[in-house]
Amino acid sequence: MSTEPSNIVAFPEKNALNQPTSLEKIWGKKVKSHGYAAIPTILLRSQHRLGINSTQFCLLVHLLDLYWSPDRPPFPTKQQLADRIGIKVSSIKPNMKALEKAGLIQRVQHKTAAGDWGANTYLLDGLIARIQELEPEFAEEKRKSEAARRRVETPKGKRHKIPND
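See below:
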């Protein structure tokens, strides 16, 4: 008879710790080692609904790629964003203004020690709030989709009776 408490969980074996993640299985460890951005699927599926064009969407994705910590919002220069996306610097400002007007971002301007204007900090609280507002609709869609799948997978004789079935 064992005297060890039943609430002790054994450490995983070394081999289990070295298993590749799904991300590594898809992209490989070398690609993963350069980092990755967390882009909510709701944002991807709601681009049109948010009223943003492809350039604005691309800017948001790049800002999210640079958003590593909640206490450190991204602060790329317009030139860095233009270089990443492959557009002219002059195209950055009107698209950022449109995102700001839509309430998805907030630009905070900074001056350098020399008194020049430095890179803006981009607060993404508006985007985050908007995606969080959309989540209940996506949750309902997911619930209905799962219910429909379960219904189709259940043999007709074992289904719960639903009116007009």
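Position 137 of the sequence shown, counted from 1, bears residue number 137 in full-length UniProt numbering, the numbering being contiguous throughout.
Ideal Cβ placement from N, Cα and C applies to all residues, glycine included.
Please state the DSSP three-state secondary structure of T41. Reduced to three states, the DSSP call for T41 is helix.
Sort K32, T41, L127 and V152 by Cα distance to K101 and report the nearest one. When only C-alpha atoms are compared, the closest one is L127.
Top-ranked residue by Cα proximity to Q80, from S91, H48 and P70: S91
K29, DSSP secondary structure in three states: helix
Skipping 5 residues on each side, what residues in its chain have a beta carbon closer than 8 angstroms to that of T55? I85, I87, S91 and N95
Taking 8 angstroms as the cut-off, does the stretch 41-55 touch the stretch 130-145 (at least 3 CB pairs, one atom from each stretch)? yes
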